[in-house]
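There are 2 protein chains.
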Amino acid sequence: MEFNFARRMAHLKASEIREILKVTERPEVISFAGGLPAPELFPLEEIKEVNRIVLEEEGTKALQYTTTEGFAPLREWIANRMNSRLGTSFDRENILLTHGSQQALDLSGKVFLDEGDVVLCESPTYLAAISAFRAYCCEFVEVPTDNDGMIPDELERLLENTERVKIIYVIPDFQNPTGRTWSLERRERLAQAAMKYGVVVIEDNPYGELRFDGEALPSVKSFDQTGCVLCLRTFSKTFCPGYRIGWVAGDKRAIQKYVLVKQGADLQCNTIAQMEIAKYLELYDIDEHIAKIRAVYRRRRDLAVKTMEEEFPEGVTFTRPQGGLFAWVELPEHVNARDVQEKSLEKNVAFVTGGSFFPNGGRENTLRINFSNMPEDRIVEGLRCLAGILREFV
Amino acid sequence: MEFNFARRMAHLKASEIREILKVTERPEVISFAGGLPAPELFPLEEIKEVNRIVLEEEGTKALQYTTTEGFAPLREWIANRMNSRLGTSFDRENILLTHGSQQALDLSGKVFLDEGDVVLCESPTYLAAISAFRAYCCEFVEVPTDNDGMIPDELERLLENTERVKIIYVIPDFQNPTGRTWSLERRERLAQAAMKYGVVVIEDNPYGELRFDGEALPSVKSFDQTGCVLCLRTFSKTFCPGYRIGWVAGDKRAIQKYVLVKQGADLQCNTIAQMEIAKYLELYDIDEHIAKIRAVYRRRRDLAVKTMEEEFPEGVTFTRPQGGLFAWVELPEHVNARDVQEKSLEKNVAFVTGGSFFPNGGRENTLRINFSNMPEDRIVEGLRCLAGILREFV
Numbered sequence: 373m374e375f376n377f378a379r380r381m382a383h384l385k386a387s388e389i390r391e392i393l394k395v396t397e398r399p400e401v402i403s404f405a406g407g408l409p410a411p412e413l414f415p416l417e418e419i420k421e422v423n424r425i426v427l428e429e430e431g432t433k434a435l436q437y438t439t440t441e442g443f444a445p446l447r448e449w450i451a452n453r454m455n456s457r458l459g460t461s462f463d464r465e466n467i468l469l470t471h472g473s474q475q476a477l478d479l480s481g482k483v484f485l486d487e488g489d490v491v492l493c494e495s496p497t498y499l500a501a502i503s504a505f506r507a508y509c510c511e512f513v514e515v516p517t518d519n520d521g522m523i524p525d526e527l528e529r530l531l532e533n534t535e536r537v538k539i540i541y542v543i544p545d546f547q548n549p550t551g552r553t554w555s556l557e558r559r560e561r562l563a564q565a566a567m568k569y570g571v572v573v574i575e576d577n578p579y580g581e582l583r584f585d586g587e588a589l590p591s592v593k594s595f596d597q598t599g600c601v602l603c604l605r606t607f608s609k610t611f612c613p614g615y616r617i618g619w620v621a622g623d624k625r626a627i628q629k630y631v632l633v634k635q636g637a638d639l640q641c642n643t644i645a646q647m648e649i650a651k652y653l654e655l656y657d658i659d660e661h662i663a664k665i666r667a668v669y670r671r672r673r674d675l676a677v678k679t680m681e682e683e684f685p686e687g688v689t690f691t692r693p694q695g696g697l698f699a700w701v702e703l704p705e706h707v708n709a710r711d712v713q714e715k716s717l718e719k720n721v722a723f724v725t726g727g728s729f730f731p732n733g734g735r736e737n738t739l740r741i742n743f744s745n746m747p748e749d750r751i752v753e754g755l756r757c758l759a760g761i762l763r764e765f766v
Numbered sequence: 373m374e375f376n377f378a379r380r381m382a383h384l385k386a387s388e389i390r391e392i393l394k395v396t397e398r399p400e401v402i403s404f405a406g407g408l409p410a411p412e413l414f415p416l417e418e419i420k421e422v423n424r425i426v427l428e429e430e431g432t433k434a435l436q437y438t439t440t441e442g443f444a445p446l447r448e449w450i451a452n453r454m455n456s457r458l459g460t461s462f463d464r465e466n467i468l469l470t471h472g473s474q475q476a477l478d479l480s481g482k483v484f485l486d487e488g489d490v491v492l493c494e495s496p497t498y499l500a501a502i503s504a505f506r507a508y509c510c511e512f513v514e515v516p517t518d519n520d521g522m523i524p525d526e527l528e529r530l531l532e533n534t535e536r537v538k539i540i541y542v543i544p545d546f547q548n549p550t551g552r553t554w555s556l557e558r559r560e561r562l563a564q565a566a567m568k569y570g571v572v573v574i575e576d577n578p579y580g581e582l583r584f585d586g587e588a589l590p591s592v593k594s595f596d597q598t599g600c601v602l603c604l605r606t607f608s609k610t611f612c613p614g615y616r617i618g619w620v621a622g623d624k625r626a627i628q629k630y631v632l633v634k635q636g637a638d639l640q641c642n643t644i645a646q647m648e649i650a651k652y653l654e655l656y657d658i659d660e661h662i663a664k665i666r667a668v669y670r671r672r673r674d675l676a677v678k679t680m681e682e683e684f685p686e687g688v689t690f691t692r693p694q695g696g697l698f699a700w701v702e703l704p705e706h707v708n709a710r711d712v713q714e715k716s717l718e719k720n721v722a723f724v725t726g727g728s729f730f731p732n733g734g735r736e737n738t739l740r741i742n743f744s745n746m747p748e749d750r751i752v753e754g755l756r757c758l759a760g761i762l763r764e765f766v
């Protein structure tokens, strides 16, 4: 038969990241492509222990259905931690556990977006947020963005002149894909603009705990006096991604709507995964663990930046991220990163081209480098190889 | 601020089942409300073992991101099993793992439904399928249904005369909420009608393995010659629901679209849960395990039916399911099951009222009885108590 798919399917395409991950499974490939955390840092022995304890203590409860909202002790831990970091006054009713922060993006689209509604986003922005929101047939307007975040006057101008803006989507810390971090002033200006225009801010912050240099900056949520900022977070980068546990936190009136759509989306998160994370947080010091991750990624970032500085040809620029997983490379305008990628894959070096991070297209002269997943010697080897290829193009 | 939610949020309400589950957590409550499998039958010791082995053998791979499609050995096991049961010729590319079959319902809505499209469904039908599809702003047309399934002439008449029918949604085995099983002829007629009109059938079959009496009937998929039937299944009722692992199986052109929307929805299923189920299936005999579940549920069904036959007053009718988890009770037309529920909750007996299983409302004189989750003595005690309350109403 000829399938008669929904109209939205015409706009959805396979994530280039997920597709390239299939290539990078080959062990000979040096991959800067995924957003994979370093598996050697997963607390494997602790997880074995926690796993054993949860099945011993909770028994079949760990395997049964549970509430849509999620395991109460884990939601309470999250509320307390956010309160101490952000100055919020959350309790567990402010928190919904989700299957990764990716699901929180999807649910955000479902809760807020009608066909034709507008999402304001950074330019470029996170690829899989584009797919999640696009499934609700929205439009994207890219807000002019520099190294300090969205440019406030441009944001205000767009809020003033654009109909049906429903969401401002931002990643203020170590953004994906650019690695950029918003300045303090920009965070405050964003919150003020959102409050003034009554628009929801989705503040996605998967990497905030992974700061290598400088002082942590207050989250956009810290400036929110009306409940307009919803926070998306995850255990994927600080614990492990395989459990698929993230969350959305914010005003209870909004969280109740998220709970409703999560009921229809998949009823609830994996029960035992929620209990295991809660037990890990009870028995171990996650901050000590995060400090270890930071130390390793910092060295990798240092090495990646140093190698790019030494080896990349004139005319190629790149960001020097203060944290997170990614750096962003801009090539001379006439160079198409897809051509570079083709050559580099021949030499078993993988990265993601930057064009798809722009929801309205363009900027094919960009690419994203992940530095968290490869050991140090392979980072140097891979980036040297990439530099050699770049010299052929510029 | 005043949140400006999407229009769909006006139609979504909290699942009465999920809400009543909060009440039934109190141990003194005898609950016929949820669709909870019996936890004492979960293979807890085997899961402990499998858990240990997977973390030992797979190490950090079990904790890392994996592909959206799912863990290949598990998809292969599923394809082989479906081939041997349904006569299909699936390979792993025909299978996408989902967070429970609930997620497969949500993804079905996303893949097929535009606003205003029509879903044909049984009357009544599964509550959480209604919420999942309704999020895509579809209309429901209830097909007149009797004890053997949808009435074929009525179905054909509706297919002939209704614009924009995109999905026919059915649960042919031990339906939720009625416990009814479709006859062989009705299955074949449904497949023929769907092929003739080029409409997709979502054949949801969470309970098919739990047959207590009689011979298994061929699935609707067995009669499908064009790829129009998509099969939704789950490990929730045969293994345990806490892992949230189900799947959708069918024509590869459709499954590829499901993969695309799952990427945006939550990237992938819990990695270790997929590996653990695969390992369980490798090391243990799931059919032996399912036989145990069947034996226990059969006794509970027998006892529930016997108690209802002996105790329920004249004028109250109910189904005698050949399998699954549910029986369906119809009260005299003037009795509102919500009034009965109020009285029965006062006496710590819980059930779900039937009205919300009709997407277009009405039939408030119905209720659903789950018989899988309570031990035998409490089934008798609870149904006797309910019978006493019913005698006050009829």
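Residue numbers (the numbering used here), protein chains in the order written: chain A, 373 to 766; chain B, 373 to 766.
Built from N, CA and C at the ideal position, the CB exists for glycine as well.
Presumed contact (8 Å Cβ cut-off) between V688(A) and V766(A), rounded CB distance: Stepping through the first sequence from its first residue, residue 688(A) is reached at position 316. Stepping through the first sequence from its first residue, residue 766(A) is reached at position 394. The Cβ separation is near 6 Å, so the contact holds.
Is the CB-CB distance between F723(B) and I741(B) below 8 Å? Residue 723(B) sits at position 351 when you count from the first residue of the second sequence. Residue 741(B) sits at position 369 when you count from the first residue of the second sequence. Yes, Cβ-Cβ distance for F723(B) and I741(B) is below 8 Å.
According to DSSP, A722(B) sits in a beta bridge with which residue or residues? Taking the second sequence and counting its residues from 1, the one referred to as residue 722(B) is at position 350. In DSSP, A722(B) forms a bridge with S403(B).
Pull the bridge partners of T497(A) from the DSSP assignment, please. Counting from 1 along the first sequence, the entry for residue 497(A) is found at position 125. Answer is none; T497(A) lacks a bridge partner.
Check the Cβ of L435(B) against every Cβ in chain A and list those closer than 8 Å, keeping chain order. Position 63 of the second sequence, counted from the first residue, corresponds to residue 435(B). P411, F414, L416, I419, C612, P613, G614 and Y615, listed in chain order.
Rounding to the nearest angstrom, what Cα-Cα distance links D596(A) and H383(B) in this structure? One-based indexing of the first sequence puts residue 596(A) at position 224. One-based indexing of the second sequence puts residue 383(B) at position 11. So the two alpha carbons sit approximately 29 Å from each other.
What is the rounded straight-line gap between the Cα of I540(B) and the Cα of V515(A)? Looking up residue 540(B) in the second sequence gives position 168. Looking up residue 515(A) in the first sequence gives position 143. About 43 Å.
With burial defined as no fewer than 16 other Cβ atoms inside 10 Å of the residue's Cβ, what is the status of S387(A): buried or exposed? In the first sequence, residue 387(A) corresponds to position 15, counting from 1. By the neighbour-count rule (16 or more Cβ atoms within 10 Å), S387(A) is buried.
Which ranges would you report for the beta strand (DSSP E) in the segment 626-707 of chain A if only whole runs of at least 3 residues count? Correct list: 698-702.
Determine the burial state of D478(B): buried for a count of at least 16 other Cβ atoms within 10 Å of its Cβ, exposed for fewer. Taking the second sequence and counting its residues from 1, one reaches residue 478(B) at position 106. Answer is buried; the Cβ neighbour count reaches 16.
Can you have a look at G459(B) and say buried or exposed, based on whether 16 or more other CB atoms are within 10 angstroms of its CB? Counted from its first residue, the second sequence places residue 459(B) at position 87. Result: exposed.
Interface flag, H383(A) vs chain B, CB-CB below 8 Å: Numbered from its first residue, the first sequence carries residue 383(A) at position 11. Judged by the 8 Å Cβ criterion, H383(A) is not in contact with chain B.
Below-8 Å beta-carbon distance, F595(B) vs any chain A residue: Along the second sequence, read from residue 1 onward, the residue named residue 595(B) stands at position 223. No, F595(B) lies away from the interface with chain A (no Cβ there is under 8 Å from its Cβ).
Does any residue of chain B bring its CB to less than 8 Å from the CB of T725(A)? Counted from its first residue, the first sequence places residue 725(A) at position 353. It does not; no Cβ of chain B falls within 8 Å.
With 16 as the cutoff for other CB atoms within 10 Å, does K482(A) come out buried or exposed? Your numbering for residue 482(A) matches position 110 in the first sequence. Around the beta-carbon of K482(A), 16 or more other beta-carbon atoms lie within 10 Å, marking it buried.
Name the chain B residues that come within less than 8 Å of Q635(A), Cβ to Cβ? Translated into positions along the first sequence, residue 635(A) becomes position 263. Near Q635(A) (Cβ distances below 8 Å), the residues of chain B are A386, S387, R390, A500 and S503.
Identify whether F512(B) lies in helix, strand or coil by the three-state DSSP scheme. Walking along the second sequence from the start, residue 512(B) turns up at place 140. It is a strand residue.
Interfacial residues, the segment 538-566 of chain A to chain B, with Cβ spacing under 7 Å: Residues of the segment 538-566 of chain A whose Cβ lies closer than 7 Å to any Cβ of chain B, in chain order: K538.
Please confirm whether R672(A) has its beta-carbon closer than 8 Å to some beta-carbon of chain B. Here the question's residue 672(A) lines up with position 300 in the first sequence. R672(A) does not count as touching chain B.
Determine the chain A residues that contact E374(B) at a beta-carbon separation under 8 Å, and present them in chain order. Taking the first residue of the second sequence as 1, we reach residue 374(B) at position 2. E374(B) reaches chain A at G570, counting residues in chain order whose Cβ is nearer than 8 Å.
Cβ-based neighbour list, N519(B), same chain, cut-off 6 Å, excluding 5 preceding and 5 following: Reading the second sequence from its first residue, position 147 is the one you call residue 519(B). Closer than 6 Å at Cβ, skipping near neighbours: R552.
By the three-class DSSP mapping on this structure, what secondary structure does Y437(A) have? One-based indexing of the first sequence puts residue 437(A) at position 65. If DSSP states are grouped into helix, strand and coil, Y437(A) belongs with coil.
First through last residue of the beta strand (DSSP E) which encompasses G754(B): Your numbering for residue 754(B) matches position 382 in the second sequence. First-last for G754(B): E748 to F765, but that is the alpha helix (DSSP H), not the beta strand (DSSP E).
With 16 other Cβ atoms within 10 Å as the buried cut-off, status of V395(B): Start at 1 with the first residue of the second sequence, and residue 395(B) comes out as number 23. V395(B) comes out exposed.
At a Cβ threshold of 8 Å, is A378(B) touching chain A? The sequence position of residue 378(B) within the second sequence is 6, counting from 1. Taking a beta-carbon distance threshold of 8 Å, A378(B) counts as an interface residue toward chain A.
Listing by chain order, which chain A residues have their CB less than 9 Å from the CB of R625(B)? Indexing the second sequence from 1 puts residue 625(B) at position 253. When 9 Å is used as the limit between beta carbons, R625(B) is near these residues of chain A: F375, in chain order.
Taking W619(A) as the reference, give the member of K634(B), D638(B), E654(B) and R605(B) with the closest Cα. By one-based count along the first sequence, residue 619(A) stands at place 247. Per the Cα distances, D638(B).
If you drop the 5 nearest sequence neighbours on each side, which residues of the same chain put their C-beta closer than 6 Å to that of T598(B)? To locate residue 598(B), count along the second sequence from 1; it is residue 226. Excluding residues up to 5 positions away in sequence, M567 lie with their Cβ nearer than 6 Å to the Cβ of T598(B) in the same chain.
Count the other CB atoms, across all protein chains shown, that sit within 10 Å of the CB of H471(A); report buried if there are 16 or more and exposed otherwise. The residue you call residue 471(A) lines up with position 99 of the first sequence. Classification for H471(A): buried.
Per-residue burial, T610(B) [other beta carbons within 10 Å of its own, 16 or more giving buried]: Locating residue 610(B) in the second sequence gives position 238, where the first residue counts as 1. By the 16-neighbour rule on beta-carbons within 10 angstroms, T610(B) is buried.
Is the segment 422-434 of chain A touching the segment 562-580 of chain A in the sense that three or more CB pairs, one from each, lie closer than 8 Å? Output reads no: the segment 422-434 of chain A does not touch the segment 562-580 of chain A.
With 8 Å as the threshold, decide whether the Cβ of L717(A) is near any Cβ in chain B. Here residue 717(A) refers to the residue found at position 345 when the first sequence is read from its first residue. For L717(A), no CB of chain B lies under 8 Å from its own CB, so it is not counted at the interface with that chain.
Given a cut-off of 8 Å, decide if N466(A) and I627(A) are closer than it, judged by their beta-carbon atoms. As a first step, residue 627(A) must be located in the first sequence, where it is residue number 255. As a first step, residue 466(A) must be located in the first sequence, where it is residue number 94. Taking 8 Å as the Cβ cut-off, I627(A) and N466(A) qualify as a contacting pair.
Looking only at its own chain, which residues have a Cβ that is under 7 Å from the Cβ of K651(A), when we skip the five neighbours before and after it? By one-based count along the first sequence, residue 651(A) stands at place 279. These residues qualify, in order along the chain: V422, I425 and V426.
How about F690(B) and A759(B): do their beta carbons lie closer than 8 Å? For the purposes of this step, residue 690(B) is identified with residue 318 of the second sequence, where counting begins at 1. For the purposes of this step, residue 759(B) is identified with residue 387 of the second sequence, where counting begins at 1. Taking 8 Å as the Cβ cut-off, F690(B) and A759(B) do not qualify as a contacting pair.
Is E575(A) helix, strand or coil when you go by DSSP? Counting from one through the first sequence, the residue named residue 575(A) turns up at place 203. In the structure shown, E575(A) falls within a strand segment according to DSSP collapsed to helix, strand and coil.
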